[in-house]
Ligand SMILES: Nc1nc2c(c(=O)[nH]1)N[C@H]1C(S)=C(S)[C@@H](COP(=O)(O)OP(=O)(O)OC[C@H]3O[C@@H](n4cnc5c(=O)[nH]c(N)nc54)[C@H](O)[C@@H]3O)O[C@H]1N2
Ligand SMILES: Nc1nc2c(c(=O)[nH]1)N[C@H]1C(S)=C(S)[C@@H](COP(=O)(O)OP(=O)(O)OC[C@H]3O[C@@H](n4cnc5c(=O)[nH]c(N)nc54)[C@H](O)[C@@H]3O)O[C@H]1N2
Ligand code: SF4
Ligand code: SF4
Ligand code: SF4
Ligand code: SF4
Ligand code: SF4
Ligand SMILES: [Mo]
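Chains as they are written, first to last, in my numbering: chain A, 1 to 922; chain B, 923 to 1166; chain C, 1167 to 1455.
In structure tokens, the structure reads:
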């Protein structure tokens, strides 16, 4: 060594202390090690022991420290003093704030609980917030799923008892072929990245189907730059080609799906006297209940004039209308490419993976091995956020199931507590009575028209019109319809809107400018049409400015949270897992964890479930609730260390439970036994394990629904059968949409016609979470503004050059924005990053911040209602099955304009509720 | 200390797999986070919440598009940090000796206590691996996390650079490129790892693994079971169920 | 490259200062008393002002003394030594002249050599950089030296050297502007060699949307906006006009000062362009040079 070389300390102590908790910058919920120096957060890294992220963190997670120190953090409860939308507030005490809230809420509960609408964004405590709303008695509760990805969730659960979206994952360790449809980032952020890394390291093939070739699609070994909204066509063409070639797993279909079930004249499946689905046994040639011991269902049977689902299905998809040649033009993918993809699927299909692991199925049959097809798929909002998304997602599940690659090695795997068939979920409850709690959970899975949330006059019972004829299977509610409906007083007027972490006055609404007007619109008497808005946010978001009372939340390192099996846990296919957050640092401002605030409000309002018979509070705060609440006897928010501390899943309340979680790094895992790892819906070993953990109370094996009876029941109603009948104007649409077999319809956006020839999309940037990343000093340098990317064809046709600007017009709006060129892009598609654009004055940023000047939202171009088709009715811009907002149906036209300093539209600068930020850091 | 030491046997560095990097920027903020709190001055952010923020980062991830002869354009994400060159020009230009290459393992570092912030080393680096911190006035660069990789207060498995530890796809590999038998050297050999701007004669230690060839797989066409036009769905059902 | 005013001021003024000192040290002309005070003073003032200006470019000027340590490898360090050496060595010569003690003409030769070495070192700081192809060329020290000596000669009133040097400077400048324009391409580095990606990679998105030190320091495209006009000013003011003046106007002090100021203007224009037109290979990563 050179004598002059400076000596450096290569072993500095990293910190004084490490506290392990859970990240919050997205719904992935990775484990983090928070390092503290002198009581301050100094460094955040991934927790290696954590089942979700195994030590890695994404860009947001590693920048969490900038979230916790952001100058945009709210500091105290705020009461509006200026006109709504101005951003003028005064800080008040918590007692004043809570008393004010109670003075608004109490009379509502006593007279008309439906006048409170409580909607939450992507929070992670829905089982708790919905419990609160049930106690309050309002039917108007939902989280954000309706504008997010309910198509994906509902299609999965109705078809196979679980979905891609948070309910399952590819078998990253065994898949040889992986198809990714319409994903830029997803909720399962780090697991997908870890998984893609594993596939790449093993040399497995990754195929991206996406109009845009960035991120995951950039590393994909092959890319299909599909025209938006046409995945259903592509998938059903693959189904056609595979069927034609006989590359479908007949054994799988016969054993585990309703393919061998018999379709009656009414389109419903034949059942025996006890209501069990009937199949024809190949051994006896006689009908038998599907789950009888030893039964060998016959896919080709006929019985009493009824044919099997399989026959119906073959007839439908073997039709030349589904051939590759027939769909090529509409999908933008040549017939030879489609056939090539089918051939790749077939090749992987012919190379099964076998695990030497015996197991027993629900019919009592013992299997020596677990054998599967190494074809994994994953899809998200590229499919989900179209008005044909529900059926497209069903088509994708059909493809997976035909290949025999769901819940088999190498394919797609459920994460406990899934699988769980739709009929094991609750049905919606919407009947409310003054002063009484609601009869059950708000959200659920309807089986047919009898479960719709309608009043006796047939009008929607819910403010968002969820579970109405417009969108019968709206399993997650319709948050995006809340403000428009409340403003219009349709189906009725409400009084108070309680919102929790949803930036509805900006990036989370369609038609943002109109929504801001609705929030500030007044009636003849000069009162706001939406009289009261209470909002909980942690930061100075755009929505804060539109609230009357702001209840400031803590940041994620300053509070308790519960990531529960009752809700959306952090499970992986091989383990049930749940997690907590706990205050690793104390808040330094007058802020409180919102869940604890809800408990305080519940106690003041004496809500059932929160107070005992004498009206005494049952829970001190959220931490107390997490440990002592029991949903069913022995089953509470947290599964770990119950009872005597050794019981997992079920067990009495254990006062030490929180401490045990903290000691274990903030999470608890229980591994799936090896003989229960696959075939979960039909695996006796899995079913017993699930019961032991309390996922359900008795085994519930079921068949995958290739043929969907709930859909058929709505179709029958629309055809005029039964007492519950849809309004006339929806009949034809329902008959088309409620097809019991997956089907493709052009997305409604296509109706915009030739004047709007271009598809316009957004993508999630991996390094930003919706609106909140921009307050992060590190992340905002990575994504401080967002160009509109144009494909080469459009770039050249319009003569664009670097630095140019364009006017983009849709049937409902217009924006003027900077453009950039991208070659790896579908010829008819333009796109930009989601939610980078910011309103001037929000988020404690300089009003001249690039987010506010050059950044922009596509939301100004999207309307929550479709244009009138000439019948005087404006239908929702949504999937007709689930009501999912069709963000990606958007059609536009584009013109070159002179370069500008700022994008359009612009809005007045918001008055900031927090003091200006310090200029430099540190 | 500005003279380069004789070439070390141990050459620690990174191997970055461009076939796997999805451009998530995790390594960018993980690097910022680690080096913001570690030895030396924090990595400042000027005008952090203002109209033109400008901060110091030791690792940045670019996105490029390439147009292969056949097939659609391809996107490649390209992380860029110090390559710990064997023939480091940033070291020899330094007037103060602040910039040095470790004789022991080849890591190129800046001794901030001696740095006058003249910027010359940044000029000398072809790869943009050095950034002068506007608040501290000293030169900042990737340290290969020298305060992690030998850190005895960390568990063994954590003695890797922060960016490597965090990379969700495993696109970043750390090891001894001087040892032909090391995992990283083998990876470089197998995958055709290469140098950036070899013409600059800097002899980078870090290597990049090229994206793999993309496009359709060589799968034969699917033969139909029966002639559907001739035998119809019934004929097809016969065939498929007969074989089952 | 970013044309930092401190560096431009430094290299122009100290260049001229050391040039003047070089002439005075050689006794061209021999000056004594007040004349000596003025001329030696001017030489020292220019050299020192330039050196002081250069410290404004430093992030940490308090530690500037450390720059003396690496003379074995660093041209910046060598420049520091040479500059200091020149100033120290010539101090007795200057003082002697001021106090009217004539010194033999060859006495200052070492000082002259050191002064020129200083200028050469300054130039080498730039010329050594393979990363900036326009600079990485043997003509760069030549031009720096010619500038330095021409400025010095004009001020010193050394008419013939001044005329020769300024006449020489004109074609040298014209050639160097033109030749410089092709050096980047000749060096052969492209985005393809910078990334190893091909064929024909293009930037899809910058690493960060926010600017950074590298972009501000190495990719300074606005500085080239008026480059044609500045090139003409540089050639006219630095070379053609001073040449004409020295050749045709008697070198009385006001003329010398006037010619020097005109030359200085040209030198500033040239030095601005020297930085503004220099493209660093790192710009390739940003698709901008
Ligand atoms: N970093 C980060 N992570 C996040 C979020 C975030 O804001 N930032 N948000 C979270 C939330 S709330 C959600 S809902 C998820 C969403 O996660 P993603 O589903 O990944 O959501 P998007 O980014 O909207 O990506 C949609 C993708 O679909 C493609 N696409 C659009 N139309 C079509 C089509 O018709 N066919 C096909 N095949 N593709 C199409 C788009 O090009 C885009 O790549 O991400 C979650 N995770
Ligand atoms: N054009 C277009 N628009 C879209 C989409 C799209 O793809 N394209 N995607 C849609 C989808 S899928 C979704 S999910 C929505 C996202 O919709 P939102 O959930 O509304 O998105 P955010 O912007 O994340 O807003 C969340 C709010 O929560 C606040 N917040 C953050 N942390 C906390 C906390 O700890 N406590 C509390 N109380 N508040 C907190 C933030 O400050 C912010 O104001 O956007 C939708 N909008
Ligand atoms: S994916 Fe990133 S933001 Fe989301 S929880 Fe994990 S580390 Fe946090
Ligand atoms: S990459 Fe740049 S900073 Fe790093 S050693 Fe090489 S020349 Fe020096
Ligand atoms: S900036 Fe610092 S490290 Fe770089 S050359 Fe100057 S003194 Fe050396
Ligand atoms: S090795 Fe360390 S310093 Fe270098 S880029 Fe990675 S994290 Fe940053
Ligand atoms: S963390 Fe890994 S995948 Fe993400 S940008 Fe960095 S190298 Fe690429
Ligand atoms: Mo979402």
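For glycine and all other residues, C-beta sits at the position ideal for the given N, C-alpha and C.
Do you know how far the Cα of residue j is from the Cα of residue i?
i	j	result
residue 42(A)	residue 777(A)	15 Å
residue 1048(B)	residue 673(A)	55 Å
residue 903(A)	residue 854(A)	5 Å
residue 565(A)	residue 1098(B)	44 Å
residue 1184(C)	residue 1375(C)	44 Å
residue 401(A)	residue 253(A)	7 Å
residue 32(A)	residue 1000(B)	27 Å
residue 541(A)	residue 510(A)	17 Å
residue 130(A)	residue 1226(C)	59 Å
residue 1221(C)	residue 965(B)	23 Å
residue 2(A)	residue 660(A)	Only weak support exists for where residue 2(A) lies, its pLDDT of 46 falling under 50; the coordinates are left without a value.
For residue i, which of the options has the nearest alpha-carbon?
i	options	result
residue 924(B)	1211(C), 1240(C), 1212(C), 1186(C)	1240(C)
residue 1126(B)	971(B), 1023(B), 1068(B)	1023(B)
residue 869(A)	194(A), 729(A), 755(A), 189(A)	729(A)
residue 355(A)	174(A), 432(A), 530(A), 724(A)	174(A)
residue 976(A)	202(A), 515(A), 380(A), 832(A)	This structure does not reach residue 976(A), given that chain A is present from 1 up to 922, and the question cannot be answered.
residue 1090(B)	707(A), 144(A), 155(A), 200(A)	200(A)
residue 340(A)	949(B), 990(B), 1138(B)	1138(B)
residue 1395(C)	1292(C), 1417(C), 1439(C)	1439(C)
residue 1319(C)	1201(C), 1391(C), 1209(C)	1209(C)
residue 53(A)	69(A), 893(A), 529(A), 194(A)	194(A)
Short check: CB of residue i to CB of residue j, under 8 Å?
i	j	result
residue 303(A)	residue 289(A)	no
residue 925(A)	residue 308(A)	Nothing can be reported for residue 925(A): it is not among the residues displayed for chain A, which extend from 1 to 922.
residue 1236(C)	residue 1339(C)	no
residue 943(A)	residue 119(A)	The structure shown does not extend to residue 943(A), since chain A spans only 1 to 922, so no value can be given for it.
residue 384(A)	residue 376(A)	no
residue 1075(B)	residue 14(A)	yes
residue 926(A)	residue 884(A)	In the structure as shown, chain A begins at 1 and stops at 922. Residue 926(A) is therefore absent and cannot be evaluated.
residue 1357(C)	residue 1365(C)	no
residue 946(B)	residue 58(A)	yes
residue 546(A)	residue 505(A)	yes
residue 236(A)	residue 338(A)	no
Are the C-beta of residue i and some C-beta of chain E separated by less than 8 Å?
i	result
residue 999(B)	Looking for chain E here will not work: the only protein chains present are A, B and C.
Point to revise | Cβ contact check for the stretch 46 to 65 of chain A and the stretch 529 to 538 of chain A: 3 or more pairs under 8 Å | key: no
Exercise for review: Specify which residues have a beta carbon nearer than 7 Å to any heavy atom of ligand 7, listing them in chain order.
Suggested key: 193(A), 938(B), 942(B), 943(B), 944(B), 945(B), 946(B), 947(B), 948(B), 949(B), 950(B), 983(B), 999(B), 1001(B), 1085(B), 1088(B), 1089(B), 1090(B), 1091(B), 1093(B), 1094(B)
Check your understanding: Counting Cβ pairs closer than 8 Å, one from the stretch 334 to 352 of chain A and one from the stretch 140 to 157 of chain A, do we hit at least three?
Key -> no
Check your understanding: Using 8 Å as the threshold, is the stretch 486 to 502 of chain A in touch with the stretch 152 to 169 of chain A, meaning 3 or more CB pairs across them?
Key -> no
Check your understanding: Should the stretch 710 to 719 of chain A be regarded as contacting the stretch 444 to 454 of chain A, the criterion being three or more beta carbon pairs within less than 8 Å?
Key -> yes
Practice item. Determine, using beta-carbon pairs with one atom in the stretch 761 to 774 of chain A and one in the stretch 263 to 270 of chain A, whether at least three such pairs fall under 8 Å. Key: no
Review point. Is the stretch 793 to 812 of chain A touching the stretch 748 to 760 of chain A, taking contact as three or more C-beta pairs under 8 Å?
Key: yes
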